Structures are given as structure tokens and as C-alpha cells.
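Student:
In my numbering, the protein residues as written are 5 to 266.
1) Since residue 16 is in the alpha helix (DSSP H), which residue starts that stretch and which ends it?
2) Please state whether the Cβ-Cβ distance between residue 202 and residue 157 is less than 8 Å.
3) Got a sec: does the ligand GTP put a non-hydrogen atom nearer than 7 Å to the Cβ of residue 31?
4) Could you name the residues of the same chain whose beta carbon sits closer than 8 Å to that of residue 15, not counting the 5 residues immediately before and after it, in chain order?
5) Where does residue 76 sit, in a helix, a strand or coil, going by DSSP?
6) Indicate the three-state DSSP secondary structure (helix, strand or coil) for residue 7 in the structure shown.
7) Using DSSP's beta-bridge definition, name the partner residues of residue 227.
8) Measuring only the C-alpha atoms, how far is residue 34 from residue 119?
9) Going by beta-carbon coordinates alone, are residue 179 and residue 74 separated by less than 8 Å?
10) Which residue or residues does DSSP assign as beta-bridge partners of residue 90?
11) Against chain C, does residue 120 count as a neighbour if the rule is that its beta carbon must be under 8 Å from one of theirs?
12) Can you name the start and end residues of the beta strand (DSSP E) that residue 199 belongs to?
13) In whole angstroms, what is the alpha-carbon distance linking residue 117 and residue 160?
14) Could you check the C-alpha separation between residue 31 and residue 102 for me, to the nearest Å?
15) Would you call residue 195 buried or exposed, if buried means 16 or more other Cβ atoms sit within 10 Å of its Cβ?
16) Quick check: the Cα distance between residue 137 and residue 147, rounded to an integer number of angstroms?
17) Quick one: grab the DSSP three-state call for residue 53.
18) Note down the Cα distance separating residue 54 from residue 68, rounded to an integer number of angstroms.
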């Protein structure tokens with residue numbers, strides 16, 4: 005089973021090599037690495053090119069302007085030839101070398117369409133962990149409240165993406181949420197939660213950059229996503245997710261954790 009790992013990047017010369025090394029280190033042998041660069045003006049492309057021979061034909065990349073992150077993600081999807089597709093951000097790394105091997109074993113069950121696990125957040129300029137975003141309690145009924153599985157931990161069969169039509173490029177920050185609405189509410193995909201820490205993210209991405217964007221800016225796009233898919237929600241339901249997130253952070257702070265071990 006071939007697994008395609010897609011990375012979308014723009015001006016990330018400082019971090020993209022960490023991401024590529026993380027993919028290269030995976031113990032699972034049947035991996036296709038796809039990098040979609042949005043026309044970087046720094047040394048990102050040069051950094052990517054250094055890794056082409058190391059992947060021995062398993063790395064493909066393009067570098068061209070695009071209209072935004074979701075157009076780039078769709079480009080990567082079209083380039084992918086794997087049976088299963090996942091996305092790894094250009095600031096992020098896999099938690100350990102065995103992540104993809106564990107995911108691949110789950111997809112040996114033919115009824116499984118998608119899997120997701122947990123994501124760890126750390127400071128952008130350090131190794132201190134800030135929180136653990138677990139998919140353990142997710143169910144599709146939580147989507148109208150703005151709660152979704154951790155997207156960086158999400159892997160699905162490519163056939164699911166093709167059937168659903170990929171990402172809606174009219175969204176700026178909630179295109180993954182809108183796609184999940186189609187996956188879980190319309191297509192009713194068969195999914196499984198894995199108690200697995202999949203990715204370590206550097207905190208500070210486009211969708212978690214400020215209190216205002218979390219509480220207000222994101223909610224506008226979440227409301228739009230529900231509306232175009234005929235799913236009922238309201239502002240109170242969407243704002244309630246903020247308190248759920250705070251609860252998750254509090255649990256992280258008060259419960260002992262020993263997950264960041266090399």
C-alpha cells in the first residue's frame with residue numbers, strides 16, 4: 005500500500021528540511037513524498053532539491069504561484085498516486101519514526117476509509133510542549149460546534165478525496181473543516197481513532213494565530229461551511245468550542261505527561 009504525504013510550503017527554508025527528514029526517517033517503506041511550493045522567494049526550493057536524491061525517486065515537487073493553501077493542497081492531491089493520502093505541514097514533524105507504519109497497518113482493514121490520532125503543539129522556537137490536541141472524543145455530531153479531528157493527524161483513502169471533490173478553494177482558513185463536513189456528514193465515511201501521537205506542530209499557524217481569529221474570524225468561515233452543506237449551526241454553538249479548547253488546555257496542564265521522549 006502506497007501512502008502519499010503532501011507538504012504545502014511557502015518561504016519555509018528554516019523548517020522544511022526538518023519536515024522532509026521526518027518523512028525520510030519513517031520505517032514504512034512505501035511512502036511517496038509530494039511538496040507543493042507556492043513560489044517561494046527564499047531558499048526553500050534549494051532546500052527541497054537537496055532531498056530529491058535521498059528519496060530515491062519517491063519525492064516529487066512543483067514550485068509555482070497559487071491562490072492559497074487549499075489550491076496548493078488540491079494540486080498535491082492531483083499529483084498523488086498513493087492509495088492513502090495525508091498532509092504534513094512545512095513547519096511540522098512526525099512524532100517518531102513508526103507513525104506511518106502504524107497508520108498503514110490500520111488501512112489493511114478494507115472497511116476503513118480514514119484514521120486520525122493526536123497532535124502535539126510546541127513553541128515555534130523551542131521544544132517545550134504547549135498542549136496535546138487529541139481526537140479521542142470526536143464524533144461527527146460535534147462538527148456543527150466547530151469541533152473536528154486534528155487535521156495533521158488525518159489520513160484517508162485517496163478515493164474519498166476524489167469522491168468528495170477535494171478542498172473548496174473559496175475558504176481561507178476553514179477548508180479542512182468544510183471537507184470534513186462532507187466526509188463525515190454527507191459521505192458517512194468509516195473512520196477509526198488511533199491512540200497515537202502523529203505530529204508535533206510548531207504553534208502559530210494561520211488558523212490559530214490570535215484570540216480574535218479563533219473566536220470570531222474562524223467562526224465566520226465555519227458558519228459558511230455549514231450553510232453551504234445544509235448543516236444547522238449557530239453562533240452560540242460555534243463559540244462554545246472555545247470553552248472546550250480551554251478545557252483541553254487545562255487538562256494538559258494539570259495531568260502529568262511524559263510524551264516528549266526521544
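All residues carry an ideal CB built from backbone N, CA and C; glycine is no exception. As the structure is a computational prediction, the values presented were derived from the model and not from experiment.
Tutor: This is what the structure holds:
1) On the chain shown, residue 16 is found 12 positions in, with the first residue counted as 1. Looking at the DSSP string, residue 16 is not in any alpha helix (DSSP H), and its letter there is neither H nor E.
2) To locate residue 202, count along the chain shown from 1; it is residue 198. To locate residue 157, count along the chain shown from 1; it is residue 153. Against a cut-off of 8 Å, the Cβ pair of residue 157 and residue 202 comes out as a contact.
3) For the structure depicted, the ligand GTP is absent and the ligand set is empty, with no information on it obtainable.
4) Sequence index remark: in the chain shown, residue 15 carries index 11 (1-based). These residues qualify, in order along the chain: 44, 45, 46 and 48.
5) What you label residue 76 is simply residue 72 of the chain shown in a count that begins at 1. The answer is helix: DSSP assigns residue 76 an H, G or I state.
6) Translated into the one-based positions of the chain shown, residue 7 becomes position 3. Of the three classes helix, strand and coil, the one that applies to residue 7 here is strand, per DSSP.
7) In the chain shown, the residue the question calls residue 227 occupies position 223. Answer by DSSP bridge pairing: none, since residue 227 is not bridged.
8) As a working note, residue 34 is residue 30 in the chain shown. As a working note, residue 119 is residue 115 in the chain shown. Rounded to the nearest angstrom, the two C-alpha atoms are 18 Å apart.
9) Residue 179 sits at position 175 when you count from the first residue of the chain shown. Residue 74 sits at position 70 when you count from the first residue of the chain shown. Yes, the Cβ-Cβ distance between residue 179 and residue 74 is below 8 Å.
10) What you label residue 90 is simply residue 86 of the chain shown in a count that begins at 1. According to DSSP, which records beta bridges pairwise, residue 90 is partnered with 9 and 159.
11) Absent here is chain C; the protein component of the structure consists of one chain.
12) Here the question's residue 199 lines up with position 195 in the chain shown. It spans 195-206 - the beta strand (DSSP E) in which residue 199 sits, taken as one unbroken run.
13) For the purposes of this step, residue 117 is taken as the residue at position 113 of the chain shown. For the purposes of this step, residue 160 is taken as the residue at position 156 of the chain shown. Here the C-alpha atom of residue 117 lies approximately 6 Å from the C-alpha atom of residue 160.
14) Mapped onto the chain shown, residue 31 falls at position 27. Mapped onto the chain shown, residue 102 falls at position 98. The alpha-carbon atoms of residue 31 and residue 102 are separated by roughly 6 Å.
15) Here residue 195 refers to the residue found at position 191 when the chain shown is read from its first residue. That one is buried.
16) Residue numbering aside, residue 137 sits at position 133 when the chain shown is read from its first letter. Residue numbering aside, residue 147 sits at position 143 when the chain shown is read from its first letter. Distance between the alpha carbons of residue 137 and residue 147: 16 Å.
17) Residue mapping note: residue 53 aligns to position 49 of the chain shown, counting from 1. Of the three classes helix, strand and coil, the one that applies to residue 53 here is helix, per DSSP.
18) Residue 54 sits at position 50 when you count from the first residue of the chain shown. Residue 68 sits at position 64 when you count from the first residue of the chain shown. Their backbone Cα atoms lie some 18 Å apart in a straight line.
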